[in-house]
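A.B. asks: In this note's numbering, the protein residues as written are 4 to 163.
Got a structure for you, questions after.
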Amino acid sequence: MPCFLFTCHAHGSWMPDREQGYVKRGKGILPTDLHMNRLYTESIVETFVLFDSNMQIALIESLLESAPKQKFELYAVATDRTHVHALLSWCDQRKGTKLRGLVKGSLSRYLNKKSERRTWLAEKGSCKQVKHRGHFDHLKVIYLPMHRGWKWDRERGFYR
Numbered sequence: 004m005p006c007f008l009f010t011c012h013a014h015g016s017w018m019p020d021r022e023q024g025y026v027k028r029g030k031g032i033l034p035t036d037l038h039m040n041r042l043y044t045e046s047i048v049e050t051f052v053l054f055d056s057n058m059q060i061a062l063i064e065s066l067l068e069s070a071p072k073q074k075f076e077l078y079a080v081a082t083d084r085t086h087v088h089a090l091l092s093w094c095d096q097r098k099g100t101k102l103r104g105l106v107k108g109s110l111s112r113y114l115n116k117k118s119e120r121r122t123w124l125a126e127k128g129s130c131k132q133v134k135h136r137g138h139f140d141h142l143k144v145i146y147l148p149m150h151r152g153w154k155w156d157r158e159r160g161f162y163r
């Protein structure tokens with residue numbers, strides 16, 4: 004039964020002017036680059052997204068609603084103004100990237116229904132396999148709870 008941590012970033016949230024650097028698909032985290040930031044900014048058609056408290060709750064609600072329909076087990080969710088993490092597993096042969104695409108589609112549709120129709124999420128996202136119980140426990144007990152936004156897990160439900 005594969006277990007993964009999916010991460011979906013808000014549209015425009017990892018721009019090259021970030022002090023911590025930015026991510027370029029296939030290249031990983033790169034240092035701050037103001038020239039590249041100008042190019043990115045000029046090419047973006049929609050405004051950037053930041054997930055406020057209501058949107059964070061909606062992201063979690065979407066995952067809870069889509070879990071039985073898309074046949075995955077949801078263990079924990081953590082949000083921030085710029086991203087959402089979902090710790091989940093499933094019993095069939097679907098690849099992580101396939102399920103991540105389904106989950107992202109559900110998140111976008113739910114936000115479109117709750118708010119306005121627009122691009123909510125950056126392309127693709129992260130799809131990290133959880134390979135052992137220690138990694139799972141670290142994510143669930145330490146990493147996800149340290150996020151600043153709304154969170155959810157099976158034991159506590161919604162919490163901040």
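Even for Gly, the Cβ is constructed at its ideal location relative to N, Cα and C.
Ignore the nearest five residues each way along the sequence and tell me which others in Trp155's own chain have a CB closer than 6 Å to its CB.
C.D. replies: Ile63, Val80, Phe161
A.B. asks: Can you tell me where the alpha helix (DSSP H) with Gln73 in it begins and where it stops?
C.D. replies: 56-73
A.B. asks: Check this for me: beta carbons of Val106 and Ser129, under 8 Å apart or not?
C.D. replies: no
A.B. asks: Short of 6 Å in beta carbon distance, which residues of its chain neighbour Gly31, apart from the five on each side in sequence? Order them along the chain.
C.D. replies: none
A.B. asks: Determine, using beta carbons only, whether Ala125 and Phe9 come nearer to each other than 8 Å.
C.D. replies: no
A.B. asks: Using a threshold of 8 Å, state whether the C-beta atoms of Tyr113 and Ser56 are closer than that.
C.D. replies: no
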